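In this note's numbering, the protein residues as written are 75 to 594. What follows is a short report on a single structure.
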Amino acid sequence: MTTVPKNKRTTFFIMSLIMLAGICATVFAVSLKKGMHVDEYYSYGLSNYSGDDIFMHIDLGKTYDDPAQPFLDYMAVQPGNVFSYGNVWEKQSADVHPPLYYVILHTVCSFFPAKFSIWFAGVINIAFFSGIIFLTYLTMKRLAMQRTSAMTAALFCALAGGLLQINTFLRMYTMLMFYTTLLTWLHVKYYEDQPLRFFIYYPLAILSGMLTHYYFFIFLFLQGMYFGISLLVRRHWKSALLYLAETLAATAAAVFIFPAMITHIFTGYRGKESLDNLASSFGYIDSLRDFLQIINNNLTGNILYIILFLFAAALVCRLHINKRAAIKNRCLWGMLLFPAVCYFLLVSKIAVYHYDRYISPIYPVLILLISGLIDFTVRTFFRDKNLRFTISVLLTMGCIFLSYWGCDWTYFEKQTELSVETAKKYAGLDCIIVNDGVNFWNHTLYYEAINYNSLTFLSSENLDVYTDTTVYQDKPVIVYIMDILENQEELLQNLLKQNPSYSGYTHITDSHYAKGYLLE
75 MTTVPKNKRT TFFIMSLIML AGICATVFAV SLKKGMHVDE YYSYGLSNYS GDDIFMHIDL
135 GKTYDDPAQP FLDYMAVQPG NVFSYGNVWE KQSADVHPPL YYVILHTVCS FFPAKFSIWF
195 AGVINIAFFS GIIFLTYLTM KRLAMQRTSA MTAALFCALA GGLLQINTFL RMYTMLMFYT
255 TLLTWLHVKY YEDQPLRFFI YYPLAILSGM LTHYYFFIFL FLQGMYFGIS LLVRRHWKSA
315 LLYLAETLAA TAAAVFIFPA MITHIFTGYR GKESLDNLAS SFGYIDSLRD FLQIINNNLT
375 GNILYIILFL FAAALVCRLH INKRAAIKNR CLWGMLLFPA VCYFLLVSKI AVYHYDRYIS
435 PIYPVLILLI SGLIDFTVRT FFRDKNLRFT ISVLLTMGCI FLSYWGCDWT YFEKQTELSV
495 ETAKKYAGLD CIIVNDGVNF WNHTLYYEAI NYNSLTFLSS ENLDVYTDTT VYQDKPVIVY
555 IMDILENQEE LLQNLLKQNP SYSGYTHITD SHYAKGYLLE
């Protein structure tokens, strides 16, 4: 039977192992990526690209002897452009997200000019995920008043499939989870009393969260409302006034530092889409169902309803025995439950897509709540401390392992593997990418294009320049046509007509946003 840790040294050792396990699991998960999501390319491009706009620039009709060069020009920091934070600010002002994540990624990339690696962004997720695990431990320790319960929650956080899946997404969402967890810990730790250090940490957390993602403001508003009302109910007038003033001041400071966020939220295309969804009544029930299923699958492997049923049984039992002692620290647990539920209801309404990353900011809070349900249930039905600890760990590990089956691991980009294998098969050939003259999707072919002998971009509006390129030869060639172009048959026939040495074409692969053909 598992024994209960009794001293701080043992706790420190176990927590070190838990954090190491979370780091190793994240490293392993990121190493399984076969490609990148379109937004992950933008993480690098918007952090490092020094061009005039936010999209990858290519020279139409030019043959790149090094196929990787146009992609590296976009995704890697170029010598002479290291630590160029003004450029990051300009790019993010033209985009739809605040700049803090991109500033950090640009800083990391600046130490490796002209180079690209998924680990430049991966190390950021690893660092912030370590903080999430530790904050989960501290928060649960305050809520449950037991180190064993806190360590079990930290273990859940470190290895849950849903969090590991978000860690494999090379965007700002792991950072966002960190700041929602930090905000929760501050509110829980300083719920009873608010010393000066709270009013130092709190605005810094707001400022950092607001400059990471705009969804942070939703969570801040909900949890801040709960905390502020609790101060008023308990007649902490001075703290309530100072809390409100600091919230407004920190929010105003975020706007002052990055004024473009006003445009992003209210008039940007993403902001407009969210506001339109908020005003619409269509599809809300389906959205709620989809996001609830994401939580159920990604955090518990589809056994959330069983956990809730067992908790309900335990609660009835507790209420039957002693109504007042049913749930300890109810107000503190409400600090988690109220914003988590309201965030779920609101984001289900405004989210443009039903993806896990939009609900992920409350993942650590949900981990704490689920761990609390398990802890409450086990304490109700079992008296022996060692037995309770053992069963809690087993139930938590059950959620963890089942969550691996529940996750779809979409950010592994497994579909890229087959198209890359096809590209390697034809590695000795030249490659042509036909787009519509716009550069929006070109960067998504990076993993395939770098395998070829050379790379040439052509516009569908001016294919006649093909005869003037160095790839106009009497040998087979690979042609990718972006999916946005619906007249692919017509374009292929145009190329065949220009080069009489070709007798036809074969469809060989489907990439993210393009189809690949062999002309021979």
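Ideal Cβ positions, reconstructed from N, Cα and C, are used throughout, including at glycine. Fair warning: this is a prediction, and the values are worked out from it, not measured in the lab.
query, result
"DSSP three-state assignment for L440, whether helix, strand or coil", "helix"
"Given A103 as reference, the closest of G236, L352 and L134 once Cα atoms are compared", "G236"
"I136 (DSSP reduced to helix, strand or coil)", "A small correction: the amino acid at residue 136 is Lys; Ile does not occupy that position in the sequence shown. DSSP places K136 in coil when its eight states are reduced to three."
"Nearest candidate by alpha-carbon position, reference L238, set Y485, I582, D584 and Q166", "Y485"
"Chain-order list of residues whose beta-carbon lies under 8 Å from that of E347 (same chain, five-residue window excluded)", "V426"
"Where A314 falls, given that 16 or more other Cβ within 10 Å makes a residue buried", "buried"
"Spatial neighbours of E535 in its chain, beta-carbon cut-off 8 Å, leaving aside the 5 residues before and after", "D510 and G511"
"Inter-residue spacing [alpha-carbon to alpha-carbon] between V177 and N460", "47 Å"
"Segment contact flag, the region 365-375 with the region 199-209, C-beta cutoff 8 Å, min 3 pairs", "no"
"Counted within 10 angstroms of its Cβ, other Cβ atoms place E487 as buried (16 or more) or exposed", "buried"
"Endpoints, the alpha helix (DSSP H) within which G96 is located", "K82 to S105"
"Nearest to K189 (by Cα), restricted to the options N376, N199, D147 and A218", "D147"
"Nearest-angstrom Cβ-Cβ length linking S117 and A195, presumed shorter than 8 Å", "6 Å"
"Pick from Q489, K423 and K136 that is closest to L106, judged by C-alpha positions", "Q489"
"Buried versus exposed call for A501 [16 or more other C-beta atoms within 10 Å across all chains shown]", "exposed"
"Extent of the continuous beta strand (DSSP E) to which I555 belongs", "V551 to M556"
"Among K312, S223 and E164, nearest to G125 - alpha-carbon criterion", "E164"
"Range of the contiguous alpha helix (DSSP H) that encloses G235", "G235 to N241"
"Simplified DSSP assignment, three categories, for F450", "helix"
"Coarse secondary structure for V426, derived from DSSP in three states", "coil"
"Whole alpha helix (DSSP H) elements within the region 485-561, 4-residue minimum", "489-499 and 520-523"
"Minimum length 4: unbroken alpha helix (DSSP H) runs contained in the region 288-328", "289-307"
"Exposure label - P574; buried when at least 16 CB within 10 Å", "exposed"
"M149 to W479 span [Cα, whole Å]", "33 Å"
"Span of the beta strand (DSSP E) around I582", "Y579 to D584"
"6 Å CB neighbourhood of F531 in its chain, flanking five on each side removed", "I132, L134 and I507"
"DSSP three-state assignment for G357, whether helix, strand or coil", "coil"
"Straight-line gap, T257 to T337 (C-alpha atoms, nearest Å)", "The sequence shown places Leu at residue 257, not Thr. So the alpha carbons of these two residues sit roughly 26 Å apart."
"Proximal residues to E31 (C-beta, below 7 Å), its chain only, five neighbours per side dropped", "For the chain, the structure presents residues 75 to 594; residue 31 sits outside this window and is missing."
"Bridge partner(s) assigned by DSSP for K589", "I555 and D584"
"L285 versus A218, V415 and P172, residue with shortest Cα-Cα distance", "P172"
"Collapsed DSSP secondary structure at Y253 in the structure displayed", "helix"
"Exposure label - Q547; buried when at least 16 CB within 10 Å", "exposed"
"Q152 versus F185, M409 and L476, residue with shortest Cα-Cα distance", "F185"
"Contact belief for S445 with F230 at Cβ below 8 Å, rounded distance in angstroms", "6 Å"
"Where F332 falls: helix, strand or coil (DSSP)", "coil"
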